[in-house]
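Read through the structure below, which is laid out as structure tokens, and then see the notes.
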Amino acid sequence: MEGWDAVAVDLPGFGSTPPLPVPAGAAEYAEVVAGWLEKLEGPVILVGHSFGGRIATVLAADRTDLVAGVVAVGVPLLHRADRKKARPSPAYRLVRLAYRMGLIGEERLEREKRRRGSTDYRSATGVMRDSLVRVVNESYEDYLVKVDCPVRLIWGEDDREVPVEIAHRAAALLQDAELEVVPGCGHDVHLEAPERIRAAIETLI
0 MEGWDAVAVD LPGFGSTPPL PVPAGAAEYA EVVAGWLEKL EGPVILVGHS FGGRIATVLA
60 ADRTDLVAGV VAVGVPLLHR ADRKKARPSP AYRLVRLAYR MGLIGEERLE REKRRRGSTD
120 YRSATGVMRD SLVRVVNESY EDYLVKVDCP VRLIWGEDDR EVPVEIAHRA AALLQDAELE
180 VVPGCGHDVH LEAPERIRAA IETLI
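In numbering that gives the first Met the number 0, the protein residues as written are 0 to 204.
Below is the structure:
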């Protein structure tokens with residue numbers, strides 16, 4: 000965006016930045032990002048997609064001195080309303096039970112995890128895999144109600160990873176939120192319709 004400085008960060012365990020030494024949730028990642036933001040001038044507008052939006056929400060709630068506004072794109076801020084349906088399949092639970100009973104080895108269990116896990120989970124190893132498991136089980140109600148800066152929620156109408164119903168519930172918890180649902184887009188609105196992200200940022204400048 001012409002006339003404005005932008006910083007894209009490699010979070011620990013992403014890009015070329017080494018992972019944190021122990022499994023971490025959004026709050027621990029937020030502490031790391033806060034350390035970077037403290038080196039910048041004045042409060043900033045945070046733009047976060049998916050996991051990055053979780054971190055932005057935590058920062059907006061806990062470090063109001065650093066955050067002037069948030070653009071959150073397809074962020075799993077709350078558990079799905081139909082969370083029971085998101086439980087592991089019976090087939091996977093059977094494999095896990097067989098492992099616990101000593102009927103199959105760890106290699107077979109890991110193969111099943113890789114086959115059924117998300118793209119991020121399949122590509123992660125070690126501490127990063129444990130961090131992803133931790134983050135998936137987090138919910139952010141307590142943070143959302145504390146956020147007092149303006150938040151723009153941008154969601155793909157066809158997002159299957161983070162359904163739009165989550166966006167509506169999150170918006171209801173925020174003090175100053177606007178939700179835009181983008182037709183024809185899935186989870187990656189920032190790639191499919193980047194002009195919508197730009198427009199959302201411009202409303203906060």
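We treat Cβ as the ideally placed atom computed from N, Cα and C, and that holds for glycine.
Spatially closest choice to residue i from the options, by CA coordinates
i      : options                        : result
Leu65  : His186, Lys38, Gly47           : Lys38
Ser138 : Glu160, Ile165, Val150, Leu152 : Ile165
Glu40  : Ala67, Ser49, Pro11, Val94     : Ala67
Thr63  : His48, Leu76, Ala29, Arg195    : Ala29
Pro162 : Ala97, Arg92, Ser49, Ile200    : Ser49
Val181 : Val72, Asp175, Pro89, Val134   : Val72
Arg133 : Glu27, Trp3, Gly104            : Glu27
Asp4   : Pro42, Leu19, Gly34            : Pro42
Tyr91  : Val146, Glu109, His189, Arg168 : Glu109
Gly155 : Gly14, Gly24, Leu190, Gly51    : Leu190
Asp158 : Val146, Val188, Asp141         : Val188
Gly51  : Val74, Gly104, Ala59           : Val74
Whole-Å CB distance - residue i paired with residue j, under 8 Å assumed
i      : j      : result
Ser130 : Pro22  : 5 Å
Val8   : Val32  : 7 Å
Leu77  : Arg151 : Not really, about 17 Å apart at Cβ, beyond 8 Å.
Ile200 : Ile153 : About 10 Å; that fails the 8 Å criterion.
Val144 : Leu172 : 5 Å
Ala192 : Cys184 : 5 Å
Val69  : Thr56  : 7 Å
Ala25  : Ile54  : 5 Å
Which of helix, strand or coil DSSP assigns to residue i
i      : result
Ala170 : helix
Val46  : strand
Gly205 : The structure shown does not extend to residue 205, since the chain is modelled only from 0 through 204, so no value can be given for it.
Leu19  : coil
Ala60  : helix
Ala5   : coil
Gly41  : coil
Val66  : strand
Ala80  : coil
His186 : coil
Asp147 : coil
Arg159 : coil
Ile103 : coil
Glu137 : coil
Residue interval of the beta strand (DSSP E) (run including residue i)
i      : result
Arg151 : 150–155
Leu178 : 176–181
Extent of the continuous alpha helix (DSSP H) to which residue i belongs
i      : result
Ala33  : 25–36
Ala199 : 193–203
Val94  : 89–99
Glu140 : 140–143
CB contact check: residue i to chain B, cutoff 9 Å
i      : result
Arg128 : Any reference to chain B falls outside this structure, which holds one protein chain only.
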